[in-house]
Ligand code: SF4
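In the working numbering, the protein residues as written are 629 to 745.
Rendered as structure tokens:
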């Protein structure tokens, strides 16, 4: 496994399998959500991602849903326009969740607020 493949594997285990309500093990989406695609380009964050927790809720680790850093991740996401309930204003918040990629980014930012992404 190359270092890039190992980083992607870690990301899929921690962010997708560990944090995403929409994760389906038999379905590999490529490109992935905005959070996964952003973190794919950041192998330097692998060590931090290895410590990503998997809480039972679907929250954003104390970040606001409209935090501009999170909005920027969603803005670049392939699923935002047609495929993301969380950023669809027509869908009630109680009926949707942020994806694992966005939650992983939120956790990194909550742990290291000065982090530049
Ligand atoms: S919450 Fe939705 S728009 Fe934002 S990164 Fe995840 S799938 Fe994409």
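By construction, the Cβ of each residue, glycine as well, lies at the ideal position given by its N, Cα and C atoms.
- Between the C-alpha atoms of residue 671 and residue 662 there is a straight-line separation of about 16 Å.
- Between residue 702 and residue 715 the beta-carbon gap is near 5 Å, inside 8 Å, which marks them as a contact.
- Using a Cβ distance threshold of 9 Å, residue 629 and residue 733 do not count as a contacting pair.
- Look at residue 632: its beta carbon is at least 8 Å from all of the heavy atoms in the ligand SF4.
- Burial is judged here by how many other beta carbons sit within 10 angstroms of a residue's own beta carbon; residue 729 has at least 16 and is buried.
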